[in-house]
Amino acid sequence: MVKGISGGQKKRLTTGELLVGSARVLFMDEISTGLDSATTYQIIKYLRDSTHALDGTTIISLLQPAPETYELFDDVILISEGQIVYQGPREYAADFFAAMGFRCPERKNVADFLQEVLSKKDQQQYWCQYDYPYQFVSVTKFAEAFKTFVIGKRLHEDLDRPYNRKHNHPAALSTSNYGVKRLEILKSNFQWQRLLMKRNSFIYVFKFIQLLLVALITMTVFFRTTMHHDSVDDGIIYLGALYFAIVMILFNGFTEVSMLVAKLPVLYKHRDLHFYPPWAFTLPSWLLSIPTSLIESGMWTLVTYYVVGYDPQFTRFLGQFLLLFFLHQTSLALFRVMASLGRNMIVANTFGSFALLVVMILGGFIITKESIPVWWIWGYWISPMMYAQNAISVNEFHGRSWSKPFADQNITLGEAVLTGYGLFKEKYWFWIGVGALLGYTIVLNALFTLFLTILNPIGNMQAVVSKDAIRNKDSRRKSDRVALELRSYLHSTSLNGLKLKEQKGMVLPFQPLSMCFKNINYYVDVPEVCQRWSICMTKKCLKKLYHLCIHPLMLAGIEKARDSRRPPSVAC
Numbered sequence: 001m002v003k004g005i006s007g008g009q010k011k012r013l014t015t016g017e018l019l020v021g022s023a024r025v026l027f028m029d030e031i032s033t034g035l036d037s038a039t040t041y042q043i044i045k046y047l048r049d050s051t052h053a054l055d056g057t058t059i060i061s062l063l064q065p066a067p068e069t070y071e072l073f074d075d076v077i078l079i080s081e082g083q084i085v086y087q088g089p090r091e092y093a094a095d096f097f098a099a100m101g102f103r104c105p106e107r108k109n110v111a112d113f114l115q116e117v118l119s120k121k122d123q124q125q126y127w128c129q130y131d132y133p134y135q136f137v138s139v140t141k142f143a144e145a146f147k148t149f150v151i152g153k154r155l156h157e158d159l160d161r162p163y164n165r166k167h168n169h170p171a172a173l174s175t176s177n178y179g180v181k182r183l184e185i186l187k188s189n190f191q192w193q194r195l196l197m198k199r200n201s202f203i204y205v206f207k208f209i210q211l212l213l214v215a216l217i218t219m220t221v222f223f224r225t226t227m228h229h230d231s232v233d234d235g236i237i238y239l240g241a242l243y244f245a246i247v248m249i250l251f252n253g254f255t256e257v258s259m260l261v262a263k264l265p266v267l268y269k270h271r272d273l274h275f276y277p278p279w280a281f282t283l284p285s286w287l288l289s290i291p292t293s294l295i296e297s298g299m300w301t302l303v304t305y306y307v308v309g310y311d312p313q314f315t316r317f318l319g320q321f322l323l324l325f326f327l328h329q330t331s332l333a334l335f336r337v338m339a340s341l342g343r344n345m346i347v348a349n350t351f352g353s354f355a356l357l358v359v360m361i362l363g364g365f366i367i368t369k370e371s372i373p374v375w376w377i378w379g380y381w382i383s384p385m386m387y388a389q390n391a392i393s394v395n396e397f398h399g400r401s402w403s404k405p406f407a408d409q410n411i412t413l414g415e416a417v418l419t420g421y422g423l424f425k426e427k428y429w430f431w432i433g434v435g436a437l438l439g440y441t442i443v444l445n446a447l448f449t450l451f452l453t454i455l456n457p458i459g460n461m462q463a464v465v466s467k468d469a470i471r472n473k474d475s476r477r478k479s480d481r482v483a484l485e486l487r488s489y490l491h492s493t494s495l496n497g498l499k500l501k502e503q504k505g506m507v508l509p510f511q512p513l514s515m516c517f518k519n520i521n522y523y524v525d526v527p528e529v530c531q532r533w534s535i536c537m538t539k540k541c542l543k544k545l546y547h548l549c550i551h552p553l554m555l556a557g558i559e560k561a562r563d564s565r566r567p568p569s570v571a572c
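full-length UniProt numbering numbers the first residue of the sequence shown as 1 and each following residue consecutively.
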């Protein structure tokens, strides 16, 4: 029903519709809004009776329930700031707060007391331990104290006791960890990743433009009119151009660190809530990165290949494009692993920079294979850059431009360049490099999935202190300072022979002072109407010559007697 029904009637109709159904667990949120207390009492009473009769479970949140409505509930769950402060029988809720030093007055509704005792503004009035100065008790302290309360201990013992699965019905619980099928999970994550790419399109466009500008600079630095194919020194210059291309493609994937670290809080939350397994995130992100790798590596190859003056064979052009594509995929996977392992922007950037340092130094160009120490040679063989450098060099220096015979040796000029720089000269090293980069991509993406599965966030994802926590800390410091000042004052007055009664009540949030008055006159202004009737005075004295001394923690009243026809006046 949409029309011809009021808000209260709609609530009652919805409640009745749920009760006649097959549901035995009901979650109701503020069903009393718009209803009077009598109607709310009747609805809650019927819900209680039906829950007891049908052996069901009903959880209801009410807004300021009446005392008679509150008495209908069996258990109370008190939640504040995302923490459970109390969960247990209704009769023991007030006892728990009494044990914490807060007593509910007889005139007070228990439900209102439970709401106000957690408020910083209203908590002081319920303090009952007069022998100790009042300190604000935060929600976190209440939640921690509940764990040591008898109800909290019993609750945790029940939760820790394993359930006997023999009493389970086969269809009572789901046997799947996730709500939908794996294919549906994969489709939804694919759409989510594609939406994120559209939202972050500025980053991808910026990366493309940055790589294009670097390619244009490379094209002008290694221009073909100044590049020759006549000697080994010319070949070393081409090796430098190839190395620079590898470094730029490798660096292009560094942005994955910051982008992934920003997503990690959401990923960990979804994983812990069993929205989807980690592989459902890593697989779409890998597949959607393929078009970007094709575009960026293809753009670099198209802009620089023929302008720099590499071998003009089209197969060599395709070989360089294929190798840069797999290198870009390896770079993206490598920095994703660093981000998932670091889990923090600073740590992940440190890991990423260290990985780049190791990969570049042990890649075989900055330090040749013969110059690497024996105890570091394993780093040379596991470096992805080594395979990329050897493969792209073999692809270039086995072309026709480098097929000239070299001196009296039975090798070509290209093979002499490769041998002289400590690189492999066999042609099959091109396919070894392609296969190694493909294998690195698969292994690194598998490690990425593994780290997302087994690792947890490092502490809080954001170093932010809430305003409530700061206020709680300041209030505790302030109350401690005032308590010390009051204690020292009471000690000094007792030494002077002043007998004070036992002090009870809360600590004032200011320093108490003694005040003395002598010859005090109290004047008020005379209204203008009275002055028009030939009354010269502009002020009138109501009280004259008072001598008064007021001590701290005392309420003084000044009373002046009048005639019998008018009551006395009192000023406090």
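Glycine included, each C-beta is placed from N, C-alpha and C at the ideal position.
(Q) Checking 8 Å against the spacing of the C-beta atoms, do glycine 352 and alanine 391 come in under that value? (A) no
Q.
If you measure between the beta carbons of glutamate 415 and tyrosine 310, is that distance less than 8 Å?
A. no
**Q.** Cβ-Cβ separation, valine 303 to alanine 241 (assumed contact under 8 Å), whole Å
**A.** Under the criterion of beta carbons closer than 8 Å, alanine 241 and valine 303 do not qualify as touching, at roughly 13 Å.
Q.
If the criterion is Cβ atoms closer than 8 Å, does the pair alanine 339 and valine 261 meet it?
A. yes
Q: Return the CA-CA distance between serine 393 and phenylalanine 321, expressed in angstroms with no decimal places.
A: 13 Å
Q.
Would you say glycine 309 lies against chain D (beta-carbon separation less than 8 Å)?
A. Among the chains of the structure shown, chain D does not appear; only one protein chain is present.
(Q) Does tyrosine 86 come out as helix, strand or coil in the three-state DSSP assignment? (A) Here tyrosine 86 sits in strand by DSSP.
Q. Does the segment 375 to 390 touch the segment 228 to 246, meaning 3 or more C-beta pairs lie closer than 8 Å?
A. These segments touch.
Q. To the nearest whole angstrom, what separates the beta carbons of leucine 324 and serine 297, a pair I think is in contact under 8 Å?
A. The beta carbons of leucine 324 and serine 297 sit about 4 Å from each other, so the pair counts as a contact at 8 Å.
Q | Chain-order list of residues whose beta-carbon lies under 8 Å from that of aspartate 112 (same chain, five-residue window excluded) | A | Here aspartate 112 has Gln64 as same chain residues with Cβ atoms under 8 Å from its own Cβ, once five neighbours each way along the sequence are excluded.
Q.
I need the boundaries of the beta strand (DSSP E) containing aspartate 29, first residue and last residue.
A. 25 to 29
Q.
Using a Cβ-Cβ cutoff of less than 7 Å, which residues in the same chain neighbour alanine 348 once the five nearest sequence positions on both sides are dropped?
A. Val257, Val261, Met338, Ala339, Gly342
Q: Could you name each continuous alpha helix (DSSP H) segment of 4 residues or more that falls completely within the segment 205 to 281, going from the start of the chain to the end?
A: 232 to 251, 255 to 272
**Q.** Residue from Leu327, Lys198, Pro278 whose Cα sits closest to the Cα of phenylalanine 251
**A.** Leu327
Q | Length of the line joining the Cα atoms of isoleucine 59 and valine 139 | A | About 22 Å.
Q. What's the C-alpha gap between glycine 435 and serine 403?
A. 26 Å
(Q) Please report the distance separating the alpha-carbon of serine 119 from that of phenylalanine 102. (A) 12 Å
Q.
Can you tell me whether glycine 21 sits near the ligand PLP, meaning its C-beta is under 7 Å from at least one heavy atom of the ligand?
A. For the ligand PLP, the structure offers nothing, since it holds no ligand at all.
Q: Could you tell me if histidine 398 is buried or exposed, where buried requires 16 or more neighbouring beta carbons within 10 angstroms of its beta carbon?
A: Residue environment analysis places histidine 398 among the buried positions, since at least 16 neighbouring C-beta atoms fall within 10 angstroms of its C-beta.
Q | Three-state secondary structure assigned by DSSP to glutamate 116 | A | helix
Q: Output the distance between the C-alpha atoms of leucine 423 and glutamate 370, rounded to the nearest integer angstrom.
A: 10 Å
Q | DSSP state of aspartate 525 mapped onto helix, strand, coil | A | strand
Q. Who are methionine 515's beta bridge partners in DSSP?
A. Ile550
Q.
Taking the beta carbon of glutamine 329 as the centre, do at least 16 other beta carbons fall within 10 Å, making it buried, or is it exposed?
A. buried
**Q.** First through last residue of the alpha helix (DSSP H) which encompasses aspartate 95
**A.** 93 to 99
Q: Give the C-beta separation of valine 359 and glycine 235 to the nearest angstrom, bearing in mind that I take them to be a contact with Cβ-Cβ under 8 Å.
A: Not a contact, Cβ separation roughly 24 Å.
Q: Determine contact between the segment 121 to 132 and the segment 177 to 196, defined as no fewer than three beta-carbon pairs at a distance below 8 Å.
A: no
**Q.** Opening and closing residue of the alpha helix (DSSP H) in which threonine 449 lies
**A.** 429 to 454
Q: Compute the distance between the beta-carbons of glutamine 363 and methionine 385, then report whether it is under 8 Å.
A: Checking the sequence shown, residue 363 turns out to be glycine, not glutamine. The answer is yes: Cβ separation under 8 Å.
(Q) So, with DSSP's three-state summary, where would you put phenylalanine 351? (A) Taken through DSSP and simplified to helix, strand or coil, phenylalanine 351 comes out as helix.
Q. When burial is assigned at 16 or more other CB atoms within 10 Å of the CB, is arginine 224 buried or exposed?
A. Exposed is the label assigned to arginine 224, since fewer than 16 other Cβ atoms lie within 10 Å of its Cβ.
Q. Relative to the C-alpha of leucine 555, which residue among Thr538, Ala23, Ser514, Ser289 is closest?
A. Ser514
**Q.** C-beta contact flag for histidine 274 and asparagine 189 at 8 Å
**A.** no
Q.
As a quick exercise: from Ile366, Ala407, Ala355, pick the residue whose alpha carbon is nearest that of isoleucine 382.
A. Of the listed residues, the one whose Cα sits closest to isoleucine 382 is Ala355.
(Q) Please state the DSSP three-state secondary structure of serine 37. (A) It is helical.
Q | Secondary structure of isoleucine 366, DSSP reduced to three states | A | coil
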